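What follows is one structure encoded as structure tokens, with my remarks underneath.
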Amino acid sequence: MTKFVKPVAQGLYNPANEHDACGVGFVAHIKGHRSHSIVRQGLEVLDNLTHRGATGFDPLLGDGAGILVQIPDEFFRSLEGLG
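Okay, so the sequence shown: first residue is 1093 according to this note's numbering, each after it adds one.
Listed below in structure tokens is the structure:
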């Protein structure tokens, strides 16, 4: 059996915080780069969490699960005149 070695601490990542987190997914670029690939991976994580206990009771209701993305302030300001 291969022994698992935790990566070294860098940026926001600290291996001391590693623990089991069933039902939680986190996808980010360690250097803060934004990409559609990261969003796509986040949606894939969410899709893989369909086994959650709160999901499926009523297909018209959600359980609060979702993804959080950064939307730049300039984007919202560009929509200001539309509404």
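Backbone N, C-alpha and C fix where the C-beta goes; we use that ideal spot for every residue, glycine too. Please read these numbers as outputs of a predicted model, since none were measured by experiment.
On the DSSP bridge list, what partners appear for residue i?
| i | result |
| --- | --- |
| Q1102 | Y1105 |
From what residue to what residue does the alpha helix (DSSP H) around residue i run?
| i | result |
| --- | --- |
| I1130 | 1128-1139 |
| F1167 | 1165-1170 |
Using alpha carbons as the reference points, say which of the options lies closest to residue i.
| i | options | result |
| --- | --- | --- |
| I1163 | N1140, H1128, L1174, G1156 | H1128 |
| R1126 | A1108, L1153, L1160, K1095 | L1160 |
| G1103 | E1136, G1124, N1140, T1094 | G1124 |
| L1141 | D1150, G1156, L1152 | G1156 |
Could you tell me whether the Cβ atoms of residue i and residue j are closer together than 8 Å?
| i | j | result |
| --- | --- | --- |
| R1119 | G1134 | In the sequence as presented, Arg is not what sits at residue 1119; that position holds Val. Yes; because the gap between Cβ atoms is below 8 Å, this pair is in contact. |
| L1138 | G1158 | yes |
| Y1105 | I1122 | yes |
| E1110 | K1098 | yes |
For residue i, decide whether its Cβ has a neighbour in chain B, counting only Cβ atoms nearer than 8 Å.
| i | result |
| --- | --- |
| V1137 | No chain B is present in this structure, which holds just one protein chain. |
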